[in-house]
Each structure stands twice: as C-alpha cells, then as structure tokens.
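Asker:
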Amino acid sequence: MNAKTAAGAFRGVQTLRQLIPGKSNDTLTDHPLWVIPSGKIMDAPKYGYRSSMLDVARHFFTVEEVKKYIDALAYYKFNTLHLHLSDDQGWRIEIKSWPKLTEVGGASEVGGGEGGFYTQEQYKDLVAYAADRHITIVPEIDMPGHTNSASLSYPFLHYAGAETPRVRTDMKVGYSSFDAKKDTVYSFLDDVIGEIAAMTPGPYFHIGGDESHVTKKSDYILFVEKVGKLVQKHNKRMIGWDEIAQADIDPNSVIQLWNNVENAIKASESGSKIIISPAKKAYLDMKYDSISEYGLHWAGYIPVDVGYKWDPETYVEGLAKENILGIEAPLWSETISNSTELEYLAFPRIIGYAELGWSQSEYLDWDDYKERLAAQVPYLEAMQINYYPTKLVDWKKE
Ligand code: IFG
Numbered sequence: 001m002n003a004k005t006a007a008g009a010f011r012g013v014q015t016l017r018q019l020i021p022g023k024s025n026d027t028l029t030d031h032p033l034w035v036i037p038s039g040k041i042m043d044a045p046k047y048g049y050r051s052s053m054l055d056v057a058r059h060f061f062t063v064e065e066v067k068k069y070i071d072a073l074a075y076y077k078f079n080t081l082h083l084h085l086s087d088d089q090g091w092r093i094e095i096k097s098w099p100k101l102t103e104v105g106g107a108s109e110v111g112g113g114e115g116g117f118y119t120q121e122q123y124k125d126l127v128a129y130a131a132d133r134h135i136t137i138v139p140e141i142d143m144p145g146h147t148n149s150a151s152l153s154y155p156f157l158h159y160a161g162a163e164t165p166r167v168r169t170d171m172k173v174g175y176s177s178f179d180a181k182k183d184t185v186y187s188f189l190d191d192v193i194g195e196i197a198a199m200t201p202g203p204y205f206h207i208g209g210d211e212s213h214v215t216k217k218s219d220y221i222l223f224v225e226k227v228g229k230l231v232q233k234h235n236k237r238m239i240g241w242d243e244i245a246q247a248d249i250d251p252n253s254v255i256q257l258w259n260n261v262e263n264a265i266k267a268s269e270s271g272s273k274i275i276i277s278p279a280k281k282a283y284l285d286m287k288y289d290s291i292s293e294y295g296l297h298w299a300g301y302i303p304v305d306v307g308y309k310w311d312p313e314t315y316v317e318g319l320a321k322e323n324i325l326g327i328e329a330p331l332w333s334e335t336i337s338n339s340t341e342l343e344y345l346a347f348p349r350i351i352g353y354a355e356l357g358w359s360q361s362e363y364l365d366w367d368d369y370k371e372r373l374a375a376q377v378p379y380l381e382a383m384q385i386n387y388y389p390t391k392l393v394d395w396k397k398e
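Residue numbering for the sequence shown follows the working numbering, starting at 1 and increasing by one per position.
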C-alpha cells in the first residue's frame, strides 16, 4: 500500500478491513481463510474535515463510551470528533484554575442524573486515543448562550438580563448568557480557553455561539469578536455555529452551518470556510420516523434514505465547493445517555455521512449504497454496535 501520509495509510487499512468477508472460507485448507477480492484501489477523500459531534453535556458519556464511538468513526474513515463539552445542564471538562466548573457545573445532567466530567488526564487520554486513529478532537465551550452550568458555578459570569442560574435538568434552550460587558468574563475565558488549548493538539477551538436568545445583539457581536481574539491568542482556529457570522470574524475562522444558510453565505463571502451540518439533514438526534425511539423531531424526521440522499456540495446554493471545509453529523444527547442509545441514533445514518464526506458526488447513489449498507451487519455485530434496523434496507443478517 502506498500513501502520502500515515493518516492516508490508516484510511487504506480501513478499506482493507471493510473488504474482509463476514465469514471465513474454510473449505480448502485446515485453517480459516479470509479471502478478499484482489485488484488496485486508488482512493482519496473529498473533504478534509469529516466529523461527528457528541454532546457530552446534556448527558455525560464515559471515556470508554467515547472511545467506542471513536473506534467506529475510525472504521468509517472520519478524521474529526467534535466534543460539545459544556451547556446549560453540565460542564464536562476540568479547568484547574476554576474548579467549581466541574465540582458544581459537572454534578448533574438532563433528567437529574449524576452527570460527570473528564479530568484533564482523561481528556488528554481521549485526545491521544483519537490521535492514534488519526482522528482530531475539536473541543467546544458553548458561549455566550448555553452557559447556565458555568454561571451556576461562578455567578459573576451571569448576564443580569438572563434567567437566574440554577441546576437545570430540563431540555429548554436559549435562556442563559454570559455578561459580555464584564472584563472578568474575558479573563475567565482566557484561562478556560488557555487550559483546553494547551491539551488540544488539533488546530480548532469551537466557541459555540448558538441560540443566545437573551444576549443583546450588540453585546453578542462584541462577545464573539473578543472571544475570537482569545482563541487566536491561544493559537487556535475558531469554529462557531452559524450565528457567529453576524460578528466581524477573522476569515480564518470557520462557520458551522446548522440552521441559517444566509449566515453561511455571508461568512463565505468574507473568506471563511463552512462546515456543512444542517439540522434537517445531518442531525443524528432527529428521530428516524414517528415510531422510532429516542431523539427529537423539531427539524423533522431523518429516515436513513433522507440522511443519505443529499449532497453537502450543493446544499447551500451559491456556496463554492472550495469554501466548504467538510461535513459534520452532530449527535445531541438530550434523549440518550449510554452507548446503546447513542448507537441507535448514530447507526446506520453515520455510515451514510461517512460516504457523503468521502466520495465524489458522482458515486453517491442510494440504490447502490443501501445494498452496501445492508452488508455492514457482520461488522456492526462483531463490534457490538447497536443500530436502528430500518425497513428501508434489506439487512444481510448472517
Ligand atoms: N439546537 C441546539 C442544540 C440542541 C439541538 C437538539 C444547535 C447548534 C437543538 N443548538 O443545534 O443545543 O438542543 O436538536
């Protein structure tokens, strides 16, 4: 096998793994033979950013559960995992200079469970585990909205016009905000971003920026611009949900499209790259249909075929391909709290997003893909990965 980089060789090994049949051929010799087709494969990914996001804030997921998801993402040649580390219901990463963020902010979760958090050692272990599989971790501290758990831990952070911080175990959004006018908020964020950046070899820091419904617009814009400078100070490249396009952001920053294509177009016109992750096509927490378990459906149902039958390259009219950084499939965890439930929502749809992120548009064809998807059963079962057995696919159970 020839590859330009170690990562390329690693992806090639995944292709080889995918060619290994579900059953060995034992007829010819006294030991099992795992016969794979011969031939020459020339391959390369379409996008350089092929990602999933796991929300570990609404419900906490253990290091082992995150590692299991990383293993599966690696098999399907993803190269990025975005960790949504903070939200109203929980703060999940230890910050040594601000210990109450996890002592207080990490002690609960949606539904009232015990929550949890990653010590810095555990975070570094996850980063290393992902790196061994050529997967980059993108840490997200969501702000100025979605910050109830931080303000609960340190009340000085709280914007007086927002709802008073308290332990939140519900699923409401849009009621919290940092105070964009306080210098102490920015010195706090300098510490937080600094500590996380120091543990993150990847180039990105995600500042969130979504659903800041109670932050005055002028304050929101001031906040995004000031936090953008802090991210640059710590030598990271800022990513934000598409609302941050309202601010004057550095063209080196990246916009993650989830809701408003105008924001994506505006940002691309000033040079920013776009991550394509529209809720109605790529949100893994959308229910498959009206009878499936787990998930929400505010953006609509996403059956397996709907999650596949679209093209990130043409999804935003007028967005040039060279302005697309890549694709991401976010998995929000309001309604899930363990690997089995995570996998029920993520599989099989995440396999389709792997193909949308890797293959050229002309190779994308649902009728062809669904046959190949049906043959994934032996792998999923060998890895003990749960999946939604959609009737849209004629699953090749052994
Ligand atoms: N929107 C919120 C998420 C989550 C999601 C659930 C974004 C960027 C709805 N923000 O998606 O926090 O609640 O589907």
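Where is the CB? At the ideal position from N, CA and C, for every residue including glycine.
Bear in mind that the values here come from a model prediction, so they are computed numbers and not experimental data.
1) Beta carbon of P312, beta carbon of S212: below 9 Å?
2) With respect to 8 Å, is the separation between the Cβ of P330 and the closest non-hydrogen atom of the ligand IFG below this value?
3) Whose C-alpha, out of S361, T390, K216, is nearest the C-alpha of A346?
4) How long is the line joining the alpha carbons of D289 and N259, rounded to whole angstroms?
5) According to DSSP, is A160 helix, strand or coil?
6) If contact is defined by three or more beta carbon pairs under 8 Å, each pair taking one atom from either stretch, is the stretch 370-379 in contact with the stretch 89-96?
7) Am I right that V316 and V261 are in contact with their C-beta atoms under 8 Å? What's the rounded C-beta distance?
8) Assuming S176 and H146 are in contact, meaning their beta carbons sit under 8 Å apart, how far apart are those beta carbons, in whole angstroms?
9) Cβ atoms of A57 and D142: under 9 Å apart, would you say?
10) At what residues does the beta strand (DSSP E) containing S51 begin and finish?
11) Given 8 Å as the limit, tell me if L392 has its C-beta closer than that to any heavy atom belonging to the ligand IFG.
12) For the stretch 158-174 against the stretch 127-138, do three or more pairs of beta-carbon atoms, one drawn from each stretch, fall closer than 8 Å, so that the two count as touching?
13) Rounding to the nearest angstrom, what Cα-Cα distance links S24 and V214 in this structure?
14) Helix, strand or coil: which one does DSSP assign to T27?
15) Name the DSSP beta bridge partners of E328, please?
16) Between D71 and chain D, is the shortest Cβ-Cβ distance under 9 Å, so that the two count as touching?
17) Considering only the alpha carbon of each residue, which of A245, H297, I302 lies closest to K281?
18) Using only CA atoms, which one of V167, A320, H206, L157 lies nearest to F178?
19) What do you reckon, is the C-beta of N259 under 8 Å from a heavy atom of the ligand IFG?
20) Starting from the C-beta of A6, find all residues in its chain whose C-beta is less than 8 Å away, skip the five residues before and the five after it, and write them out in chain order.
21) Could you name each continuous alpha helix (DSSP H) segment of 4 residues or more that falls completely within the stretch 76-107, going from the start of the chain to the end?
22) The beta strand (DSSP E) that contains F205, what's its start and end?
23) Which stretch, first to last residue, makes up the alpha helix (DSSP H) that contains R58?
24) So who's on the other strand from Q256, going by DSSP bridges?
25) Along the chain, which unbroken stretches of the alpha helix (DSSP H) at least 4 residues long are found entirely within the stretch 125-175?
26) Looking at L364 and the ligand IFG, is the gap between the Cβ and the nearest heavy atom below 8 Å?
27) Relative to the C-alpha of N2, which residue among N263, I41, Y204 is closest?
28) Between the beta-carbon of I327 and the beta-carbon of S86, is there less than 9 Å?
29) Which first and last residues belong to the alpha helix (DSSP H) in which G8 is found?
30) Any heavy atom of the ligand HEM closer than 8 Å to the beta-carbon of M238?
31) How should I36 be labelled, buried or exposed, when 16 other C-beta atoms within 10 angstroms of its C-beta is the threshold for buried?
32) Give a yes or no on whether the C-beta atoms belonging to G352 and Y308 are separated by under 9 Å.
33) According to DSSP, simplified to helix, strand and coil, what is F347?
34) Please name the residue in Q18, Y220, I336, K181 whose C-alpha comes closest to that of Y294.
35) With Q232 as the anchor, note down where its alpha helix (DSSP H) starts and where it stops.
36) Measure from the alpha carbon of Q14 to the alpha carbon of each residue in L364, N386, W395, W358, then state which is nearest.
Answerer: Short version:
1) no
2) yes
3) T390
4) 21 Å
5) coil
6) no
7) V316 to V261, Cβ: 5 Å. Contact.
8) 6 Å
9) yes
10) 49-55
11) For the ligand IFG, not one heavy atom lies less than 8 Å from the Cβ of L392.
12) no
13) Roughly 60 Å between the two C-alpha positions.
14) coil
15) Per DSSP, S51.
16) Checking the listed chains, one finds no chain D in this structure; it contains a single protein chain.
17) I302
18) Among V167, A320, H206, L157, the Cα nearest to that of F178 is on L157.
19) Yes.
20) Same-chain partners within the cutoff: H134.
21) The stretch 76-107 contains these whole alpha helix (DSSP H) runs: 100-103.
22) 204-206
23) Secondary structure note for R58: it is in no alpha helix (DSSP H), with a DSSP letter that is neither H nor E.
24) W241, I275
25) Segments of the alpha helix (DSSP H) lying fully in the stretch 125-175: 148-153.
26) no
27) It is I41.
28) no
29) 6-19
30) With respect to small molecules bound, the structure shown includes the ligand IFG and not the ligand HEM.
31) exposed
32) yes
33) coil
34) I336
35) 217-233
36) W358
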